[in-house]
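> Residue numbers (the working numbering): 8 to 180.
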Amino acid sequence: MKPAQVVALTLLSVVAIGAQVLRLGKCPQPPVQANFDANRYIGKWYEIHKLPTSFQKGQCATANYTLLSPGVIEVLNTDDNGTVNAIVGSAKVKNPAEPSKLEVSFNNSPPGPYWVLSTDYDGHSLVYGCTDYGLFRVELSWILSRKPTLSKETLEKLQGILTGCSAAPPGFP
Numbered sequence: 008m009k010p011a012q013v014v015a016l017t018l019l020s021v022v023a024i025g026a027q028v029l030r031l032g033k034c035p036q037p038p039v040q041a042n043f044d045a046n047r048y049i050g051k052w053y054e055i056h057k058l059p060t061s062f063q064k065g066q067c068a069t070a071n072y073t074l075l076s077p078g079v080i081e082v083l084n085t086d087d088n089g090t091v092n093a094i095v096g097s098a099k100v101k102n103p104a105e106p107s108k109l110e111v112s113f114n115n116s117p118p119g120p121y122w123v124l125s126t127d128y129d130g131h132s133l134v135y136g137c138t139d140y141g142l143f144r145v146e147l148s149w150i151l152s153r154k155p156t157l158s159k160e161t162l163e164k165l166q167g168i169l170t171g172c173s174a175a176p177p178g179f180p
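(1) What residue range does the beta strand (DSSP E) around G167 cover?
(2) Give me the residue from F43, P103, W149, V82 with the minimum Cα distance to P118.
(3) For E146, count neighbouring C-beta atoms within 10 Å of its own C-beta (all shown protein chains included) and say buried if the count is 16 or more, exposed if not.
(4) Terminal residues of the continuous alpha helix (DSSP H) containing Y47?
(5) Pop quiz: P38 and Y135 are said to be a contact at Cβ under 8 Å. What is the actual Cβ separation, rounded to whole angstroms?
(6) I think I55 touches L151, with their Cβ atoms under 8 Å apart; what is that distance to the nearest whole Å?
(7) Where does A41 sit, in a helix, a strand or coil, going by DSSP?
(8) Would you call the CB atoms of T73 and K51 closer than 7 Å?
(9) If we ignore side chains and look at the alpha-carbon of each, how far apart do N42 and P103 end up?
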């Protein structure tokens, strides 16, 4: 077996165990929310839909964001999978010229991209993250709402944004 095949199979195994979304090719660079305002983004958000992740196994998840300092947001993710699980992390703006591109980390894990592609601050948010691994990429995405539900029209609009920038894998709702 060629070394590239061994690496690819190993990566596929690791991602499959972690229930991540693995796709061939480099990460797309979708446009992000213009003039992102972290002060308006803080507060509680309900998870409406997500791509599978290794670190969020439950449903009915919420995210609570608190501004700690300019460019730094505390993240408290809670999910209910029979018992309530919570994890605290932080999101930091990597480049002040692009405030909607954050890096989030939990429990000393390496930071991962958290890009706000779209938000109206009061109703919905579309978040995307992608990391390149050689010939492959691992993608994460969340559709969030300030309420436990989201209108079909808004959900379709957000799905269209992901599809339009090649960031929506097959089966994203």
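For each residue, glycine too, the CB sits at the ideal point set by N, CA and C.
A quick look at the data gives this:
(1) Against the sequence shown, residue 167 aligns to sequence position 160. Unbroken run through G167 is the alpha helix (DSSP H), 159 to 171; no beta strand (DSSP E).
(2) Taking the sequence shown and counting its residues from 1, the one referred to as residue 118 is at position 111. For P118, the nearest C-alpha among the options comes from V82.
(3) Sequence index remark: in the sequence shown, residue 146 carries index 139 (1-based). That one is buried.
(4) Here residue 47 refers to the residue found at position 40 when the sequence shown is read from its first residue. According to the sequence displayed, residue 47 carries Arg and not Tyr. Where R47 is concerned, the enclosing alpha helix (DSSP H) stretches over 45 to 48.
(5) Translated into the one-based positions of the sequence shown, residue 38 becomes position 31. Translated into the one-based positions of the sequence shown, residue 135 becomes position 128. P38 to Y135, Cβ: 11 Å. No contact.
(6) Residue 55 sits at position 48 when you count from the first residue of the sequence shown. Residue 151 sits at position 144 when you count from the first residue of the sequence shown. With 8 Å as the limit, I55 and L151 qualify as a contact, their Cβ atoms being about 6 Å apart.
(7) Position 34 of the sequence shown holds residue 41. If DSSP states are grouped into helix, strand and coil, A41 belongs with coil.
(8) In the sequence shown, residue 73 corresponds to position 66, counting from 1. In the sequence shown, residue 51 corresponds to position 44, counting from 1. Not a contact, by the Cβ cut-off of 7 Å.
(9) Here residue 42 corresponds to residue number 35 of the sequence shown, with the count starting at 1. Here residue 103 corresponds to residue number 96 of the sequence shown, with the count starting at 1. Each residue's Cα considered, the two are about 11 Å apart.
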